[in-house]
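Novice:
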Amino acid sequence: MRSKNILLSLMALALAGTLAASDTYTVDPSHTTVGFSVRHLGISNVKGVFPKVSGTLKLDSKNIGKSSVEIVIAAASVNTNDTKRDDHLRNEDFFDVARFPTVTFKSQNVTKTETGFAVTGNLTMKGVSKPVTIPFTMSEPKDHPMAPLTVVGVEGTLLVNRRDFNISYGPSALISDTVAIDLQVEFTRPRPQK
Numbered sequence: 003m004r005s006k007n008i009l010l011s012l013m014a015l016a017l018a019g020t021l022a023a024s025d026t027y028t029v030d031p032s033h034t035t036v037g038f039s040v041r042h043l044g045i046s047n048v049k050g051v052f053p054k055v056s057g058t059l060k061l062d063s064k065n066i067g068k069s070s071v072e073i074v075i076a077a078a079s080v081n082t083n084d085t086k087r088d089d090h091l092r093n094e095d096f097f098d099v100a101r102f103p104t105v106t107f108k109s110q111n112v113t114k115t116e117t118g119f120a121v122t123g124n125l126t127m128k129g130v131s132k133p134v135t136i137p138f139t140m141s142e143p144k145d146h147p148m149a150p151l152t153v154v155g156v157e158g159t160l161l162v163n164r165r166d167f168n169i170s171y172g173p174s175a176l177i178s179d180t181v182a183i184d185l186q187v188e189f190t191r192p193r194p195q196k
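Be aware that the sequence shown starts at 3, since it is given in the numbering used here, and climbs by one per residue.
(1) Under a three-way DSSP split, which group does R87 fall into?
(2) Does DSSP put P31 in a helix, in a strand, or in coil?
(3) Could you pull the DSSP bridge partners for I75 from this structure?
(4) Buried or exposed: which applies to S70, given that a residue is buried once 16 or more other Cβ atoms fall within 10 Å of its Cβ?
(5) Taking the straight line between their C-alpha atoms, what separation do you get for R191 and E142?
(6) By Cβ distance below 7 Å, which residues in the same chain neighbour K128 in space, the five residues on each side in sequence not counted?
(7) According to the neighbour-count rule (16 or more other Cβ atoms, all chains shown, within 10 Å of its Cβ), is S178 buried or exposed?
(8) Inspect the beta-carbon positions of T180 and L161 and report whether they are closer than 8 Å.
(9) Taking the beta strand (DSSP E) that V80 falls in, what are its first and last residues?
(10) Taking the continuous beta strand (DSSP E) assigned at E157, which residues delimit it?
(11) Quick test of your reading: K49 and F38, contact by CB under 8 Å. State the CB separation rounded to the nearest angstrom.
(12) State the Cα-Cα distance for the pair H90 and H42, rounded to the nearest angstrom.
(13) Going along the chain, which residues of its own chain have a beta-carbon closer than 8 Å to the beta-carbon of F119, five neighbours each way excluded?
(14) With distances taken from CA atoms, which of D145, H146, S131, A76 is nearest S56?
(15) What are the start and end residues of the beta strand (DSSP E) that includes V187?
(16) Using a Cβ-Cβ cut-off of 7 Å (strictly less than) and excluding sequence neighbours within five positions of A78, which residues of its own chain qualify?
(17) Buried or exposed: where does R165 fall if 16 or more other Cβ atoms within 10 Å of its Cβ makes it buried?
(18) What residue range does the beta strand (DSSP E) around I136 cover?
(19) Using C-beta distances below 8 Å, list every residue in its chain close to P31, excluding the 5 sequence neighbours before and after it, in chain order.
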């Protein structure tokens, strides 16, 4: 019986070590930008941002493959500095925010690459989920000099076809089917007080 208790204790310690290996960070919205760019009439790029972003990063620095990330974007927060256009982007021709208030990404796999990292997961927009792979770079975790936080910065880009997500308003000659998404995200977690 005693040996069984010792075995259970060792298993519990091993499990605790596994769980502790991943640190959980949350999006710092004031230092995060999710932007997009789409070609208009084939002659210029129209750019915009989604200011309202939340999410978590579970980072295992020793085994990046055990890391994961979830991002939630408030679709209604879309901002292209043109009120009329932004209102149009919120209606059923584009994001249909009344029915689909969020754009989400949930990872399934994170890998190391020659130039940084890549995360594969499901991007869900306007009720459609598609697998995508986002190449990204990530800073080493560092202590914030003015707050009791540890900070990680992530930068990545992704090209998507808007029609894959039921955003089919207008011909391709007017609005390009290809949309570039730019991610500049800071994640933070409380730093244990010494």
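Just so you know, even glycine gets a beta-carbon here, dropped at the ideal spot from N, CA and C. Computed from a predicted model, the values in this text were never measured in an experiment.
Specialist: To lay it out plainly:
(1) Counting from one through the sequence shown, the residue named residue 87 turns up at place 85. R87: helix per DSSP, three-state reduction.
(2) The residue labelled residue 31 in the question sits at position 29 within the sequence shown. Helix at P31.
(3) The sequence position of residue 75 within the sequence shown is 73, counting from 1. According to DSSP, I75 bridges with V55, V105.
(4) Locating residue 70 in the sequence shown gives position 68, where the first residue counts as 1. S70 should be labelled buried.
(5) Translated into positions along the sequence shown, residue 191 becomes position 189. Translated into positions along the sequence shown, residue 142 becomes position 140. Cα to Cα, the separation comes out at about 13 Å.
(6) Within the sequence shown, numbered from 1, the residue matching residue 128 stands at position 126. Excluding the 5 residues flanking it on each side, K128 has same chain C-beta neighbours closer than 7 Å at F97, D98, F102, F167, N168, I169, in chain order.
(7) As a position in the sequence shown, residue 178 is number 176, starting the count at 1. S178 comes out buried.
(8) Position 178 of the sequence shown holds residue 180. Position 159 of the sequence shown holds residue 161. Against a cut-off of 8 Å, the Cβ pair of L161 and T180 comes out as a contact.
(9) As a working note, residue 80 is residue 78 in the sequence shown. It is not in any beta strand (DSSP E) - V80 carries neither H nor E in the DSSP assignment.
(10) Residue numbering aside, residue 157 sits at position 155 when the sequence shown is read from its first letter. If you look at E157, you'll find it in the beta strand (DSSP E) that goes 151-163.
(11) Counting from one through the sequence shown, the residue named residue 49 turns up at place 47. Counting from one through the sequence shown, the residue named residue 38 turns up at place 36. Between K49 and F38, the beta carbon gap of about 7 Å places them in contact (Cβ cut-off 8 Å).
(12) Reading the sequence shown from its first residue, position 88 is the one you call residue 90. Reading the sequence shown from its first residue, position 40 is the one you call residue 42. Looking at the two C-alpha atoms, the distance is approximately 15 Å.
(13) For this step, residue 119 is matched to residue 117 along the sequence shown. For F119, where only same-chain residues beyond five positions count, the Cβ hits under 8 Å are I66, V112, T113, P137, F138, T139, M140.
(14) Counting from 1 along the sequence shown, the entry for residue 56 is found at position 54. Of the candidates D145, H146, S131, A76, the one whose C-alpha sits nearest the C-alpha of S56 is A76.
(15) Stepping through the sequence shown from its first residue, residue 187 is reached at position 185. Going by DSSP, V187 is part of the beta strand (DSSP E) stretching over 177-192.
(16) Within the sequence shown, residue 78 is the residue found at index 76, counting from 1. Taking A78 as the centre and dropping the five residues before and after it, the same chain places the C-beta of R92, V99, P103 closer than 7 Å to its C-beta, in chain order.
(17) Along the sequence shown, read from residue 1 onward, the residue named residue 165 stands at position 163. R165 comes out exposed.
(18) For the purposes of this step, residue 136 is taken as the residue at position 134 of the sequence shown. Segment 130-140, the beta strand (DSSP E) holding I136.
(19) Working through the sequence shown from its first residue, we reach residue 31 at position 29. In its chain, beyond the 5 residues on either side, P53, K54, V55, S56 have a beta carbon closer than 8 Å to the beta carbon of P31.
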